[in-house]
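Just so you know, my numbering puts 72 at position 81 of the sequence shown, and the rest follows in order with no gaps.
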Amino acid sequence: MTKYRRLNREKSIRRSILAGLTKDVILNESIVTTEARAKEVRKFVEKMITYGKKGTLVSRRKALAFVNNDNQVVSKVFDELAKRYETRNGGYTRIIKLKERVGDDALTVKLELV
């Protein structure tokens, strides 16, 4: 039994998709995607904000490593989001169910920061 969703992708592609969606959630503060992807991306967004709240050099390097050295994303996490959520103990995101996608009936959801 795995602890994560495979999303019908091989490891490198899956990691790239999750890193890209994580960047989009942090920069735009919401995305519309399928339910399975949103539930998986939520874990990484929460972890990134927790890194930002720690504020150490090690945390910054871990965050940079995950988002492929995107300084804009990491600086937003450490400068803005860490201050916004400093009194909150987890639960930084919410998932709102929307409707089924026309092509394949996949349930779409909106993943946003609280």
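Where a beta carbon is used, it is the ideal one built from N, C-alpha and C, also for glycine.
Considering only the beta carbon of each residue, do residue i and residue j sit closer than 8 Å?
i: I8; j: V36; result: no
i: V23; j: L104; result: no
i: Y42; j: K30; result: no
i: A73; j: K44; result: yes
i: L12; j: V32; result: yes
i: F69; j: G46; result: yes
i: L(-2); j: R6; result: no
i: R(-4); j: A27; result: yes
DSSP three-state call for residue i: helix, strand or coil?
i: K34; result: helix
i: L12; result: helix
i: E91; result: strand
i: M(-8); result: For M(-8), the predicted structure reports a pLDDT of 48, less than 50, and the residue's modelled location is therefore unreliable. A value from the coordinates is still provided. Three-state DSSP puts M(-8) in coil, outside helix and strand.
i: S7; result: helix
Around the C-beta of residue i, are 16 or more other C-beta atoms found within 10 angstroms, so that it is buried, or is it exposed?
i: V58; result: buried
i: I40; result: buried
i: Y83; result: buried
i: K14; result: buried
i: S21; result: exposed
i: V65; result: buried
i: S50; result: buried
What is the residue span of the beta strand (DSSP E) that residue i lies within?
i: L98; result: 98 to 104
Problem set entry | Inside the segment 38 to 87 only - beta strand (DSSP E) runs reaching at least 3 residues | For the segment 38 to 87, not a single whole beta strand (DSSP E) run of length 3 or above is found.
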